[in-house]
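Trainee:
Residue numbers (the numbering used here): 3 to 535.
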């Protein structure tokens with residue numbers, strides 16, 4: 003069973019895949035086959051120690067040989083396989099014929115390795131390059147380079163249409179467009195926590211609806227206190243990465259043994275182990291983080307009430323509540339407000355909630371969406387009131403990342419992205435690409451002007467302060483109106499790009515047009531109530 007992309011994270015089968023990586027190589031070519039890796043016995047010792055320390059992913063910079071793949075399977079490690087071709091970056095100023103020749107050789111290398119690795123369960127992804135220098139990108143042109151990379155993606159897809167593909171970029175070349183990649187990989191070496199935090203939030207927006215992976219983090223041991231400093235920084239980097247919802251992190255590197263081209267690197271010591279594989283303190287730091295999830299972060303998780311307002315939602319409410327019931331957030335309450343449904347929505351909700359003391363159903367008279375949402379926060383026991391639409395369902399980490407988005411005393415509410423779930427109908431996919439969908443509007447990378455009601459949370463005291471939702475909005479617009487009232491009171495609205503919910507779009511053009519007409523009427527009401535916006 004292969005690892006797959008699941009929204010902003012990874013999954014294997016029905017379970018979340020914890021991407022806990024370390025880089026391996028490059029090494030001097032070995033005599034037996036020319037692969038740039040140690041001999042088989044050393045590879046076995048290295049991978050065994052990686053597994054013992056909780057790593058789940060090995061990132062290589064050159065194609066992994068067969069013995070490494072077999073040993074990765076033995077130790078239950080996934081390989082993020084680097085595909086290295088005759089590197090055209092050294093052809094700056096060369097003739098067009100030289101560049102074309104290198105391009106042909108590159109395609110052949112990609113094709114050969116993609117075919118060899120096709121279908122291998124040990125292979126998490128193919129990485130089609132690493133840090134093409136910014137000056138070369140400017141010389142060659144980002145459009146041409148992006149085209150070359152997309153061509154390599156097509157070559158991989160032709161050999162293995164289920165393979166995940168990425169490219170390892172770096173901050174000074176973030177302008178390189180990489181739309182064909184299954185997930186975004188960036189090598190980031192920032193030592194200040196706040197700078198790293200801000201930059202990872204930015205990278206999430208570059209990744210869009212794809213996972214974000216840190217291809218390299220770490221620190222060079224360059225002075226007497228270097229090992230302790232390396233351990234301290236690694237601890238901070240891994241903590242910030244988890245806080246920001248990064249899907250996977252590769253610590254650079256496994257060992258000080260390192261060779262670039264034909265030259266051993268002796269003046270950089272990034273290894274979690276020394277040349278003779280003696281562990282450094284940073285390895286123990288990694289072992290501890292490798293066993294943690296976002297729930298284990300040192301954060302005071304606020305008591306949370308998830309409010310699901312439902313009206314004639316029999317087609318979706320069960321899916322919504324099954325996933326919500328599966329959440330393991332501490333201090334969670336779930337309120338289902340049935341807004342006078344004329345179908346069996348309330349009965350379905352009662353059936354799912356039965357036996358879980360955290361969940362209850364409120365059967366209310368029909369009052370419209372705003373009224374139902376008011377009932378929700380007025381009945382909530384949690385300090386944080388979270389709204390989830392009945393045609394949406396959460397990812398496992400969702401409530402944690404919403405809470406982490408409340409990152410200051412000035413933040414009165416928070417939201418996150420909502421995406422259509424995979425596997426929808428053709429009509430739903432078309433509607434998802436049409437304008438007018440429920441999307442957030444940001445003021446900065448972690449502050450919002452408004453967040454959609456399908457995925458938003460506010461402190462209960464803030465809701466009381468602004469008078470809750472205006473009941474004039476019966477179907478839409480109440481979320482925008484509420485956000486603007488909150489902002490007008492001097493609060494800020496946070497945004498966490500990893501606080502993802504799956505949100506079904508309308509499944510027919512007729513339903514979409516009806517929705518848009520309702521949005522239009524609601525927007526006119528919002529405009530009248532907020533003429534200054």
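Using N, Cα and C, we set each Cβ at its ideal position, and we do this for glycine too. Keep in mind that this is a model prediction, so the values were computed, not measured.
#1: Whole angstroms is fine: what's the gap from residue 27's alpha carbon to residue 167's?
#2: Going by DSSP in three states, residue 67 sits in which element: helix, strand or coil?
#3: For residue 423, I'd like the list of residues in its chain whose CB is within less than 6 Å of its CB, leaving aside the five on either flank, ordered along the chain.
#4: In whole angstroms, what is the alpha-carbon distance linking residue 309 and residue 281?
#5: Looking at the structure shown, is residue 373 part of a helix, part of a strand, or coil, going by DSSP?
#6: Our contact map puts residue 457 next to residue 292 with C-beta atoms below 8 Å; I'd like the distance itself, whole angstroms only.
#7: Secondary structure at residue 99, three-state DSSP: helix, strand or coil?
#8: Alpha carbon to alpha carbon, how far is residue 197 from residue 279? Give it in angstroms, no decimals.
#9: Please tell me whether residue 453 and residue 485 are closer than 8 Å, where the distance is taken between their beta carbons.
#10: Compare the C-alpha of residue 277 against each of 283, 258, 330 and name the closest.
#11: To the nearest angstrom, how far is the alpha carbon of residue 417 from that of residue 120?
#12: So what's residue 124 in DSSP terms, helix, strand or just coil?
#13: Report the residue ranges of all beta strand (DSSP E) runs contained in full by the stretch 260–327; include only those spanning at least 3 residues, in chain order.
#14: Can you list, in chain order, the stretches of the beta strand (DSSP E) that have 3 or more residues and sit fully within the stretch 375–419?
#15: Hey, quick one: how far does the beta strand (DSSP E) through residue 330 stretch, first residue to last?
#16: Is DSSP giving residue 244 helix, strand or coil here?
#17: Indicate the three-state DSSP secondary structure (helix, strand or coil) for residue 451 in the structure shown.
#18: Buried or exposed for residue 3, going by 16 or more other Cβ atoms inside 10 Å?
#19: According to DSSP, which residues form a beta bridge with residue 163?
#20: Give a yes or no on whether the C-beta atoms belonging to residue 352 and residue 339 are separated by under 8 Å.
#21: Specify the secondary structure class of residue 18 as computed by DSSP and reduced to three states.
#22: Which one of 33, 45, 248 has the shortest CA to CA distance from residue 185?
#23: How is residue 154 classed by DSSP in three states: helix, strand or coil?
#24: Does DSSP classify residue 258 as helix, strand or coil?
#25: Check whether the stretch 178–192 and the stretch 210–224 touch, using three or more Cβ-Cβ pairs below 8 Å as the test.
#26: Hey, out of 206, 275, 126, whose CA is closest to residue 244's CA?
#27: Run through DSSP, which three-state label would residue 341 get?
#28: Is the beta carbon of residue 127 less than 8 Å from the beta carbon of residue 161?
#29: Per DSSP, which one or two residues make a beta bridge with residue 357?
#30: Using a Cβ-Cβ cutoff of less than 7 Å, which residues in the same chain neighbour residue 358 once the five nearest sequence positions on both sides are dropped?
#31: Any contact of the stretch 393–408 with the stretch 310–327, i.e. 3+ C-beta pairs under 8 Å?
#32: Tell whether a beta-carbon distance below 8 Å holds between residue 71 and residue 81.
#33: Is residue 52 helix, strand or coil when you go by DSSP?
#34: Counting pairs of Cβ atoms below 8 Å between the stretch 98–114 and the stretch 171–185, do you hit three or more?
#35: In three-state terms, what does DSSP make of residue 231?
#36: Does DSSP classify residue 441 as helix, strand or coil?
Mentor: Per the coordinate set shown:
#1: 20 Å
#2: coil
#3: 504
#4: 49 Å
#5: helix
#6: Incorrect: roughly 30 Å between the Cβ atoms, too far for contact.
#7: helix
#8: 32 Å
#9: yes
#10: 258
#11: 39 Å
#12: coil
#13: 306–312
#14: 386–390, 394–396, 413–417
#15: Note, residue 330: premise wrong, no beta strand (DSSP E); not H, not E.
#16: helix
#17: strand
#18: exposed
#19: According to DSSP, which records beta bridges pairwise, residue 163 is partnered with nothing at all.
#20: no
#21: strand
#22: 248
#23: helix
#24: coil
#25: yes
#26: 206
#27: strand
#28: no
#29: Note: residue 357 sits in no beta bridge, so no partner.
#30: 327
#31: yes
#32: yes
#33: helix
#34: no
#35: helix
#36: coil
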